[in-house]
Structure formats: structure tokens, C-alpha cells
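What follows is a set of notes on a single structure, which appears directly below.
There are 2 protein chains.
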Amino acid sequence: MLKVEGFTASAVSADIRGKGDGRLDLGLIFMDGESTMAAAVFTRNAVVAPPVELCRERIGKGTARAVLVNSGNANCMTLYGGREDALRLSERTADLLGIPDECVLPCSTGVIGQRLPVDRMEEALEPLVASLSSDGLESFSRAILTTDTVTKVAVEEVVLKKGKVRVAGIAKGAGMIAPAMATMLGFILTDAEVSRYDLSLVLADAVADTFNSITIDGDMSTNDTVILMASGKGPAVKRSDDLEVFGKAVHSVCASLADMIVADGEGATKMVTFRVTGALDNEEAKKAARAIAESLLVKTALAAADPNWGRIAAAAGYSGARVIMAGFSLSIGGVRVLENGQVVPGYEEADAVKVMQKDRYEIEVGIGTGPGTAVMKTCDLTEEYVRINCEYRS
Amino acid sequence: MLKVEGFTASAVSADIRGKGDGRLDLGLIFMDGESTMAAAVFTRNAVVAPPVELCRERIGKGTARAVLVNSGNANCMTLYGGREDALRLSERTADLLGIPDECVLPCSTGVIGQRLPVDRMEEALEPLVASLSSDGLESFSRAILTTDTVTKVAVEEVVLKKGKVRVAGIAKGAGMIAPAMATMLGFILTDAEVSRYDLSLVLADAVADTFNSITIDGDMSTNDTVILMASGKGPAVKRSDDLEVFGKAVHSVCASLADMIVADGEGATKMVTFRVTGALDNEEAKKAARAIAESLLVKTALAAADPNWGRIAAAAGYSGARVIMAGFSLSIGGVRVLENGQVVPGYEEADAVKVMQKDRYEIEVGIGTGPGTAVMKTCDLTEEYVRINCEYRS
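Residue numbers (this note's numbering), protein chains in the order written: chain A, -13 to 380; chain B, -13 to 380.
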């Protein structure tokens, strides 16, 4: 059951897309006690939406108590007007909740460059606030979707010294999942009592090898936001054993959501993990893993279940990571393909094809220069991706 | 007529793909006088094919007199064996031509990771050399193709102080046309008498805003090579007026070939020029232009003739170039869309759509921080690209 003590949520249709189809597109999460404990990470895109700027400011001030999220419109490249819209909506929400304006974090996702239909949205705020309930997270998880085909939620429970705590995560992804940060919206809620400082540590750590280690199309969104909020209704997280256990729970929720995002990549039919080893250091390993995971030639080969390892080697080669060709190794789901830069004697391509026909598998790529390792998860590139992105908006 | 004094060429089928379809796949260009004047630029991929390494060495030594090119197999990730193959083929070619081994520059393009069928290729060398003729460049231009749908040739004639000179270019492209260098094979031939030093200058200058300013899929090949050879049979290029005129002719040939490569991009239906202005400097402009030109979301929008300028702004934002949102401007083939970060009053989307339905047009993107400018040419991303790259090889 998608519930976390100290949180209520709701969702309504504000007809943001203007299609009159009643689709849920406006969601609210309210941390209904005294806590303002929250941490967040944001897109590193220089073109950033006004709601992201507002979120940053308010997270910085430590005033967060609610998130107001809309899909269908990113409120980006809307300049001062877009900021006014986000301010107005969060003020009105705060009024209805009876909390200060600065307690509301606005998030938007969707098309760039159009003003929000603020009047319609403002009208929808009253029913939105009125329908807040501890059962509301499920409909919230639907309201934030764009081209996602499924909702993405994950829950973990762990036992701390003072008792059990719960961590629940809700995300949206689909396209534009790419370099640097999450490139998605994610909301991680916990009933634990945690300091703002510890929340920041735990979130930064969790994001690095989950949301920051997935790619769909290499495009980085202008609106990426992951927010972690702690209601403090449950037991406190004491340093340092507790913190580790709690951190693992948050990590696990983020990892599940990240996997769901890749698996639901636009047009994707499979999720493939690239594990790069033998790089000079972890940073170079990440460079190589990212170049491989983002290469269109690699991603189309994944779609075709074609063990065309030359494309993988070429992508590692242009990644900027140092590689030694005679030190290259490669295995596909345990099928050893290359060693010391050469095809392994007895390698049968059919064995690799068999692995590549699965929904999920791992390809390990050794680049022969050192101890560095990194992982990136990606999906295949299909004609369906192109179809979706040619049609989206029109 | 595709002829240049001082050059003969030929092409045969060596059945490199093993399909027995008689397709031309082995080509030779011979600079048949005393001249060894040549310059070249190569891929910057760290995974580089043995023939590229051999070319580099021989260009460095100043011994070039012939190029031997095969399609269907890149002879890459083939290590010492691949080097032996390239050495053996160039030695045999040199023997047949009666010139030293080091005079032959081997080039390969095609699948990575398979050894060349050297025996078949060696057998084909005799008829290849025997059929050298001053009319052979046309069939040579067909022998080097991979997934290209058309041959790519361009000719310029210019008048120097001592008379007329000719510059002819032959290239192959199609996929893997991407960052940094040409990511293709190109052979530029001239009858002018030019020093090695001047050839290098002229080529470096020509490549920068032609082959280095196009992208198809962002993948960088392991085998990119552009070679400029001067037979010296025609008039000499005297500094400095002549050099400028000659340089412009080489530039013009490279520009034509680069355009043909983009227009023949895998699955491409249109070629779009992105001109970035208002960057901090030209380097930042290039970063932004490249990110925009390589964005899958932008390229699918081009395919759909959808003026979704938000995707362009987002790509500029994550490019690493500094941008000022309130300084953004954008126009699509003369239709002004954005100014000062805002949609221009009276802008009609239908006007932009009309431009985007054309085969060729330009999009200008101002990012509002300085005087820097740069251009990148790209093609749209269609389902056909995915189909080709899922099917290639299998």
C-alpha cells in the first residue's frame, strides 16, 4: 500500500493539455505535520524552468512542506511570466493549506515554451487540496506522467534502532532521461525523523548510481527534480548505523525507480546494463559507459539483438576515456566475446544473440588501462522511439 | 568529367562481404608521376583501425603515391593481425605498381572486428592495378560506399597566376558521421603543384567547417580519413594569392561533399543547418550547435516538421555553453520565432511548419551571451535510420 505516515496526497484534472479528456494532470503531496525536512537535486541544464528555480530557493531556505506538480506543460522558457505563474499557483496552494507561501515546491513537466493555463489550474486547486488523503499517492503517481506508459512507485521498509521506517518513491520518466542528473521527476517520502543535512547526504549518494546512471536518449531535461522529504512521524535516524540502513533503503527505492524509468523508456523493449571495467579511474569508466550507453549505433544493435561489439568498442574509443585496444575484453551476459582485444576462441555468436534476446542483461566491457569501474543502464532504440517523438505535441 | 591530370584509378569486386554479388568493394587511386605531395586528417577516436595507423605513419614520412580502399570491412579491432593484413595488401599493391611499399596508403570502411579476406583481396589486386585508367575515379567512387545510397563527388576548377587547376573530391559517408572529424572517407585530388606544408594548411582549414561541422548520429568512426593529394602536373600554387584561391577550391569541394554526406544520412529526409550566434565565443557556439544538431529530440522534431523550439533551447542549455534565457532568439528559415527569450508577437506556428517541410533550411539560434558563432549541419532522425542500423550486418 502506497502510504507514508505524515503525508497526504491528491490529484485532479486541470485540463492542462487543453484536450478536455479528464486526464489527471495536477498532483499535490502535503507533509502535514511540523516537519520541513527536505533535500533535493536538480537538473544541471543551463536552461532551467522557473519552477525549478523556485524549488531550489525554497529547498535552500528549508521551508518545504508540500509539492505541487503538473504534467503537460514544463513552464520552461517562460521567463518572468512563468515565474509569476509558479508563484501564483504555489501561493494559492499555500493559502488553501494554511501554510506560508514558501512551503510549496512547484514542479512541472511537459512541453517547453508555453505558459501554464493558470486560470484553469487555479480553479482546480480547491478540489485538489480538498481531496488530500493518506490514500492519495497512487492517483498522484498517475497525475505526473507524460509519455510514460506505467506509473513508477517503489516502497521499502527498514528497521532502525527505534523501530521501523518506511521509504516510498514515486517517479515519472519516459523520454529525456539522460546525462548528469535524474532527468525526471522523483518524490521520495519517509516517515523517519532525519536532519536536513543527513537527507542531503543520503539523497546525493543514492542519486549518483541510480538516476545519474541511466540514459534513454542522451537529452537532459530542463525540469529534472528529485525531492526527498521526511515527515518525522516515525522513529529517528540515529547516526551512524541507522543512517546507513536508512540510506540503503533510499538507495534501493531510487534504484527501483531508475530501473522502471529505463524499462519504460520511449519505445524501449529491453534494459541493458553496461559495466565498464579496467578504466584508468572510475570517472573515465563512467565516461566510457555513458558514451556506449548513449551511442545510437549501440542502441540500435541492442534493439536488433545483434552482438556487434565493434560499435561498443568504437563508442568507448571516442568517449574520451583512455583505452588499450590489445587490453579490450567484452562479455555479453556471461558469454565471453573478447579477451586481450581478440575474439575468444570458440566464441559462438549465436550464444550472444540468445542473451541479447532477453529483456534484461548485462554487458561487461574491459578497456584495459586500470582499476576504474562504472555502470550505466540504457534501453534499446527502436522505430517506436522515433515515432513517439515525431508525434509528441502534434 | 571526374578526371584529374596525374591520377589514374580503378575498382574491382573482391567479394569482401562474402556475398558473391559482384559488388565493387576495392578501389585504387594512383598518383602516377613523381609527386608524393599529400596531407591527411584522421579520426580522433582512441580505438583506431590498423590501416589508419599505417596511413598516419606514411603521410608523416611523406611517401604517399597511392590509396588502396576497401569497403565492407573496417579492419578495426583486429590488432597485429589486422596490421599484417594491411601491410601485406599495400606491399602487394606497391609491387604491382612498381613503387616502394610505403607509397601505398590503405583505407578500410565497414564492419569492425573481423579480419579482412586477404586472400580474396590479394587475388583482386592484379586486375585492380591492371585496370587503372584516367577514367577510373567514377567506379572508384562506387567501390568505397557502405550504406550510402549515392556516390559523392565534387569538382572545382580555379584559375591561378600560371593557369587553371582542378580539384576533385570523392567521399563516402552515410552513418557514423559525427563529432570531431570527418567520420567518413574522403579523397581530394588536384593537379596543382603544391607543397606538403601548404596542402596541410589548406586541408585543416577546409575540414574545420565542412567535414567537422556535420553530424548524423553523433557516433565517431574508428576509420575516418581525408586525404588530399597533389600530382603537380598542373601549374604551381604560389603564395599567397594563389594559395587563397586554391584553398577556396578545396574548401568548396569539401563543403559540397559534406553536404552530400548529410543529405544521404542514414534514413535522412532533410538537411538542416543550425547557426548558433550570440555565444561567449566561437568554441562555445560550436558546443551549443553540436548539442542541438545531435539531440535526438531535436532530430525527431525535424523529421516531424514540428517547430518544437523548446527542445532546441534545452539542448543549448545542456551543451556546456553559457546561455542567457532572456537573451534567447530563434528563427526558422527567416520566420522569427523567439526574441529576448519570448515568442515574437504575431508568430504563426504554421509559417514555421511550412519552412520545416522543405528539404533544406536553416535555423538560427541566438543564446544571448556574446559574439561567438558556429554552424552545424544535421539531418532528421527517422524510423528508417533505426531500421537500417538494426539490419546492417545481419
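All C-beta atoms in this analysis are idealised placements derived from N, C-alpha and C, irrespective of residue type, glycine included.
Beta-ladder partner(s) of residue i, from DSSP
i                     : result
residue -5 (chain A)  : A:15 and A:119
residue 94 (chain B)  : B:56
residue 314 (chain A) : Looking at the DSSP assignment, residue 314 (chain A) forms no beta bridge with any residue, so it has no partner.
residue 141 (chain A) : A:154
residue 257 (chain A) : A:346 and A:365
residue 176 (chain A) : A:153 and A:216
residue 265 (chain B) : B:358
residue 197 (chain B) : None, per the DSSP bridge assignment.
residue 352 (chain B) : B:263 and B:315
Terminal residues of the alpha helix (DSSP H) in which residue i lies
i                     : result
residue 268 (chain B) : 268 to 280
residue 304 (chain A) : 295 to 304
residue 232 (chain A) : 227 to 249
residue 335 (chain A) : 335 to 342
residue 136 (chain A) : From DSSP, residue 136 (chain A) is part of no alpha helix (DSSP H); its letter is neither H nor E.
residue 192 (chain B) : 182 to 194
Residue i versus residue j: straight-line alpha-carbon distance, rounded
i                     : j                     : result
residue 90 (chain B)  : residue 79 (chain B)  : 7 Å
residue 218 (chain A) : residue 190 (chain A) : 20 Å
residue 282 (chain B) : residue 331 (chain A) : 38 Å
residue 43 (chain B)  : residue 36 (chain B)  : 11 Å
residue 197 (chain B) : residue 51 (chain A)  : 53 Å
residue 166 (chain A) : residue 195 (chain A) : Low local confidence applies: a pLDDT of 31 at residue 166 (chain A) is under 50, so the model's placement there is unreliable, and no value is given.
residue 139 (chain A) : residue 58 (chain A)  : 20 Å
residue 346 (chain B) : residue 293 (chain B) : 15 Å
residue -11 (chain A) : residue 123 (chain A) : 7 Å
residue 68 (chain B)  : residue 312 (chain A) : 12 Å
residue 373 (chain B) : residue 199 (chain B) : 25 Å
residue 21 (chain B)  : residue 159 (chain B) : 28 Å
residue 303 (chain A) : residue 85 (chain A)  : 54 Å
residue 343 (chain B) : residue 74 (chain A)  : 39 Å
residue 348 (chain B) : residue 144 (chain B) : 29 Å
residue 318 (chain A) : residue 99 (chain B)  : 16 Å
residue 327 (chain B) : residue 175 (chain B) : 47 Å
residue 371 (chain A) : residue 47 (chain A)  : 40 Å
residue 350 (chain A) : residue 290 (chain A) : 19 Å
residue 94 (chain A)  : residue 77 (chain A)  : 16 Å
residue 182 (chain B) : residue 213 (chain B) : 12 Å
residue 92 (chain B)  : residue 252 (chain A) : 42 Å
residue 45 (chain A)  : residue 62 (chain B)  : 51 Å
residue 133 (chain B) : residue 127 (chain B) : 13 Å
residue 360 (chain A) : residue 288 (chain A) : 20 Å
residue 70 (chain B)  : residue 87 (chain B)  : 13 Å
residue 121 (chain B) : residue 54 (chain B)  : 17 Å
Cβ separation of residue i and residue j, assumed to be a contact under 8 Å, to the nearest whole Å
i                     : j                     : result
residue 34 (chain B)  : residue 309 (chain A) : Their Cβ separation, rounded to whole angstroms, is 10 Å, which puts residue 34 (chain B) and residue 309 (chain A) out of contact at 8 Å.
residue 277 (chain A) : residue 301 (chain A) : 5 Å
residue 284 (chain A) : residue 298 (chain A) : 6 Å
residue 365 (chain B) : residue 246 (chain B) : With 8 Å as the limit, residue 365 (chain B) and residue 246 (chain B) do not qualify as a contact, their Cβ atoms being about 12 Å apart.
residue 254 (chain A) : residue 368 (chain A) : 7 Å
residue 353 (chain A) : residue 262 (chain A) : 6 Å
Endpoints, beta strand (DSSP E) assigned at residue i
i                     : result
residue 157 (chain B) : 149 to 158
residue 323 (chain B) : 321 to 325
residue 38 (chain A)  : Segment 36 to 47 is the alpha helix (DSSP H) holding residue 38 (chain A); no beta strand (DSSP E) there.
Cut-off 7 Å between Cβ atoms - residues of its own chain near residue i, not counting five sequence neighbours on either side
i                     : result
residue 142 (chain A) : 153, 235, 238 and 239
residue 270 (chain A) : 307, 308 and 358
residue 184 (chain B) : 223 and 229
residue 8 (chain B)   : -1
residue 267 (chain B) : 356 and 358
residue 82 (chain B)  : 111, 112 and 115
Same chain only: Cβ atoms within 8 Å of residue i, ignoring 5 sequence neighbours per side
i                     : result
residue 2 (chain A)   : 11, 12, 56, 57, 58, 59, 96, 102, 103, 106 and 107
residue 119 (chain A) : -6, -5 and -4
residue 335 (chain A) : 293
residue 329 (chain B) : 323
Sequence-distant residues of its chain with Cβ nearer than 6 Å to residue i (five each side left out)
i                     : result
residue 149 (chain B) : 221
residue 279 (chain A) : 201, 260, 362 and 364
residue 241 (chain B) : 196
residue 398 (chain B) : The first residue shown for chain B is -13 and the last is 380, placing residue 398 (chain B) beyond what the model contains.
residue -2 (chain A)  : 12, 110, 113 and 114
residue 315 (chain A) : 324, 325 and 352
Residue i Cβ short of 8 Å to the ligand ZN heavy atom set
i                     : result
residue 279 (chain A) : Here there are no bound small molecules, and the ligand ZN is not part of this structure.
Contact list for the region 21 to 40 of chain A against chain C, Cβ threshold 9 Å
Here the protein chains are A and B, and chain C is not one of them.
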